[in-house]
Amino acid sequence: MTPVLLDTHVFVWALAEPARVPESAWTLLRDPRQPLRLSLASAWELAIKASAGRIHLPMRAADFIAEGCQRTGVDVLGVELSHIAELERLPWHHRDPFDRLIIAQARVESFRLLSFDGELSCYEFKRAQETDY
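In numbering that gives the first Met the number 0, the protein residues as written are 0 to 132.
As structure tokens, this is what we get:
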């Protein structure tokens, strides 16, 4: 199966606010055969937002990510130079640096991206579910 890259909010919602995740996505998230990935960019994003008081997690961001990945079987995807090269080629439809890097990673790795952020629909990438947008 093609791995699914989780957008930051999907990971947080699945762990801390599961009612916000649409039922159609739970089928994908709960499939033990489905490889799931979380970008290191998401870890960076959560640490920055937590330290700035823009998101409230039940524990420190690094612990939340480590515990959440261990509990759910999600693997962390590092940032490679090929991702940065793709990031540089992306059109500036969207200004969020974390979203842009996650999109670049999904494109380079040919991963499907699971996101409920409608602003990302202006980019070309494989979607985990067409109904997500």
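We put the CB at the ideal spot given by N, CA and C, even for glycine.
Asked                                                                                                                                                                    : Found
Compute the Euclidean distance between the alpha carbons of Pro21 and Trp12, then round it to the nearest angstrom.                                                      : 10 Å
Got a sec, what are the start and stop residues for the alpha helix (DSSP H) Arg126 sits in?                                                                             : Per DSSP, Arg126 belongs to no alpha helix (DSSP H) and is neither H nor E.
State the Cα-Cα distance for the pair Val3 and Glu123, rounded to the nearest angstrom.                                                                                  : 15 Å
For the alpha helix (DSSP H) holding Ser41, just list the boundary residues, first then last.                                                                            : 39-50
Pairing CB atoms from the segment 39-59 with CB atoms from the segment 78-98, are three or more of them under 8 Å?                                                       : yes
Please report the distance separating the alpha-carbon of His82 from that of Arg99.                                                                                      : 10 Å
Just curious, the beta strand (DSSP E) that Asp74 is in, first and last residue?                                                                                         : 74-76
Relative to the C-alpha of Glu118, which residue among Lys125, Leu89, Gln33, His93 is closest?                                                                           : His93
From Leu35 to Asp116, what does the alpha carbon distance come to, in whole angstroms?                                                                                   : 18 Å
For Gln104, count neighbouring C-beta atoms within 10 Å of its own C-beta (all shown protein chains included) and say buried if the count is 16 or more, exposed if not. : buried
Evaluate Ile47 with the Cβ neighbour count: other Cβ atoms within 10 Å of its Cβ, from every protein chain shown; 16 or more gives buried, anything less gives exposed.  : exposed
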